[in-house]
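Residue numbers (this note's numbering): 392 to 673.
See the structure below:
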């Protein structure tokens, strides 16, 4: 458990790596800035150096994906009658903090197998919007039944619409785990899924970039699981969800005011996509 009197909480290498790539400035709330100042990202610097040696523009991949997910989530919460957000395998991500800080009257539920007690302490007292709160819950997302019990115990209502955000995890778990997350939420619920596309969907001159990056991360962390990939066509054929839109890195960059240089001139120049899905039924 984190000692609140210590100057900063040192994140694990992969968690620190993602935050080094994206930076807290992509979010707007003061709560995120306060939270970010409590984190020590030193453990991610060696992995960042290794990944930058593969491709120095990789930060654009992370920034664009996070900007797209944050903007899409905000748009959904503004337009739809949704008061619940669930983020599985949230880790030390800042998105839940941002949403709870910007939107009044919402409950954000974050799940992860470890680190949630520490995150609960790190986020305690942050200036959330009126009648909004964030719940940092310990649960293994591979065990859907147990996750549902933990969520229900924290006040989540399974029968009501939920915004489900699956980010940064789909390539590290089997597809059945992702499908089980979809089936956790009520019919009609919107789902944001970020995923890695098949190698064949990437321009041949760039295929080695994600392959080498994931190889560096998996090797550094001494992981053994294979990388999971999804395709737009595959998502179109899923029965538990309907596909509403797929954002490529090219499209995100094209529509982003954050883009300073063109990194993804065409769809096949990128390898991460963000799908907007809708749970069937309801």
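Backbone N, C-alpha and C define an ideal beta-carbon position, used for all residues, glycine too.
This structure is a prediction, so every number in the text was calculated from the model and none was measured.
Which of helix, strand or coil DSSP assigns to residue i
i           : result
residue 601 : helix
residue 528 : strand
residue 395 : Since pLDDT at residue 395 reaches only 47, below the 50 mark, its modelled position is unreliable, and no value is offered.
residue 613 : coil
residue 431 : strand
residue 409 : helix
residue 593 : coil
residue 549 : coil
Where the beta strand (DSSP E) through residue i begins and ends
i           : result
residue 500 : 498-503
residue 632 : 632-639
residue 586 : 581-587
residue 666 : 663-670
residue 445 : Counting along the chain, residue 445 falls outside any beta strand (DSSP E), though it belongs to the alpha helix (DSSP H) covering 436-445.
Beta-carbon proximity of residue i to residue j, cut-off 8 Å
i           : j           : result
residue 515 : residue 493 : no
residue 589 : residue 620 : yes
residue 583 : residue 667 : yes
residue 445 : residue 476 : no
residue 432 : residue 458 : no
residue 455 : residue 643 : yes
residue 415 : residue 424 : yes
residue 497 : residue 523 : yes
residue 670 : residue 579 : yes
Same chain only: Cβ atoms within 8 Å of residue i, ignoring 5 sequence neighbours per side
i           : result
residue 651 : none
residue 539 : 549, 575
Residue i - containing alpha helix (DSSP H), residue span
i           : result
residue 572 : 566-575
residue 624 : 623-627
residue 468 : 449-470
residue 475 : Not the alpha helix (DSSP H): residue 475 falls in the beta strand (DSSP E), residues 475-479.
Cβ shell of residue i (< 7 Å), same chain only, five flanking positions each side left out
i           : result
residue 661 : 639, 640, 641, 655
residue 659 : 592, 593, 594
residue 518 : 421, 422, 492
Own chain residues within Cβ distance below 6 Å of residue i, not counting five before or after
i           : result
residue 558 : 460, 585
residue 504 : 531
residue 605 : 618
residue 450 : 412
residue 427 : 415
Are there three or more Cβ pairs, one per stretch, closer than 8 Å when the segment 504-515 is compared with the segment 476-493?
yes
Are at least three pairs of beta-carbons, each pair with one atom in the segment 546-558 and one in the segment 603-620, less than 8 Å apart?
no
So, do the segment 434-444 and the segment 457-472 have three or more beta carbon pairs nearer to each other than 8 Å?
no
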